[in-house]
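Its first residue numbered 77, the sequence shown is counted upward by one per residue in my numbering. Where is the CB? At the ideal position from N, CA and C, for every residue including glycine. Computed from a prediction, not measured in an experiment: that's the story for all the values here. Below is one structure; the comments refer to it alone.
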Amino acid sequence: MKVVLVTRKGCHLCDDALSLLQDLGVHPELADVDSDDELHRLFDFRVPVVLVNDVVVAEGRISREPLEAALDRSGRESSGPDIDT
């Protein structure tokens, strides 16, 4: 399972989303929305954005329960080892 967190420098919601993912045992690839034209076009006003296998599963103010459910639906084992991307 590939998890990407689309972020931007100085975004406290992005920091919160990263902490939440790490608390859930997920270590996402980080993508800076301001350093890639395509990411900027798609996600500029939506960060943070969590992508699992290139599908948006959460964005904006991200809550634990919906994120955890989305990760589980995407193939994360809830009691399994940490997921490295």
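> For the beta strand (DSSP E) that L127 lies in, which residues bound it at each end?
Replying inline: The sequence position of residue 127 within the sequence shown is 51, counting from 1. Its beta strand (DSSP E) spans residues 125-128.
> For V102 and chain D, any beta-carbon pair shorter than 8 Å?
Replying inline: Of the protein chains in this structure there is only one, and it is not chain D.
>> In this structure, how does DSSP classify L106 when only helix, strand and coil are distinguished?
In response: In the sequence shown, residue 106 corresponds to position 30, counting from 1. Three-state result, L106: strand.
>> Which residue marks the beginning of the beta strand (DSSP E) containing L81, and which one marks its end?
In response: Here residue 81 refers to the residue found at position 5 of the sequence shown. Per DSSP, L81 belongs to the beta strand (DSSP E) from 79-83.
>> Using DSSP's beta-bridge definition, name the partner residues of E144.
In response: Counting from one through the sequence shown, the residue named residue 144 turns up at place 68. Paired residue(s): none; E144 is not in a bridge.
> Which partner residues of V133 appear in the DSSP bridge assignment?
Replying inline: Looking up residue 133 in the sequence shown gives position 57. BP columns for V133 are empty, so no partner.
>> Helix, strand or coil for S139? Go by DSSP, reduced to three states.
In response: Taking the first residue of the sequence shown as position 1, residue 139 is located at position 63. Three-state result, S139: coil.
> If we count the other Cβ atoms within 10 Å of its Cβ and call it buried at 16 or more, is L143 buried or exposed?
Replying inline: For the purposes of this step, residue 143 is taken as the residue at position 67 of the sequence shown. Its Cβ being crowded by 16 or more others within 10 Å, L143 is buried.
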